[in-house]
Amino acid sequence: MSTSCASFPLRNVLHELVEQQSHPCNLVELQTSGMDGVTFRAASFLDDYLFRPATLEEISIYEFVATHFRRKGTLKSPTTALFMSEHPLFNSHCIALRENEVVPVLVGMRMPFIDADS
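According to my numbering, the sequence shown is numbered sequentially starting from 4.
Following this line, the structure appears as structure tokens:
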């Protein structure tokens, strides 16, 4: 049996934390009502982690990638899955639990190469 993987954008997370500037993000479409009604918001993976629900406060960022993901919210979304109000998508999206854990794959950085001479 093989296991699915999920990207863990480590380089983007570190850059956002260290530089504390505008961060790499994804544009998420919120509404569509013709060409003039398209609304986008910028949200990063780090936003998802920093503004996660209080019920996930004790979870590490690695475990968060392995067990949770962002999805569109519905009227039936439990309040325990809602983002904090500081999240750019708190009105439209929430956190969902993966049915099966995935393996987080570090993206954007190479692990140091260690050979016998190091």
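Glycine included, every Cβ here is placed at the ideal spot set by N, Cα and C.
- Here the alpha carbon of Val-105 sits roughly 32 Å from the alpha carbon of Val-41.
- Residue pairing by DSSP places His-96 opposite Lys-75 in a beta bridge.
- Taking 9 Å as the cut-off, the beta carbon of Pro-91 is found closer than this to the beta carbon of Ala-46.
- For Arg-14, no beta strand (DSSP E) encloses it; the enclosing alpha helix (DSSP H) starts and ends at 13 to 22.
- Phe-86 and Asp-51 have their C-alpha atoms spaced approximately 8 Å apart.
- The C-beta distance from Ser-5 to Val-110 rounds to 19 Å, too long to meet the 8 Å contact threshold.
- Cα atoms of Ser-95 and Phe-116: separation of roughly 43 Å, rounded to the nearest angstrom.
- A direct Cα-Cα distance of roughly 47 Å separates Phe-93 from Asp-118.
- For Arg-14 and Phe-48, the gap between their C-alpha atoms comes out near 11 Å.
- Excluding the 5 residues flanking it on each side, Phe-67 has same chain C-beta neighbours closer than 6 Å at Tyr-52, in chain order.
- Under the DSSP definition of a beta bridge, Val-31 partners with Arg-44.
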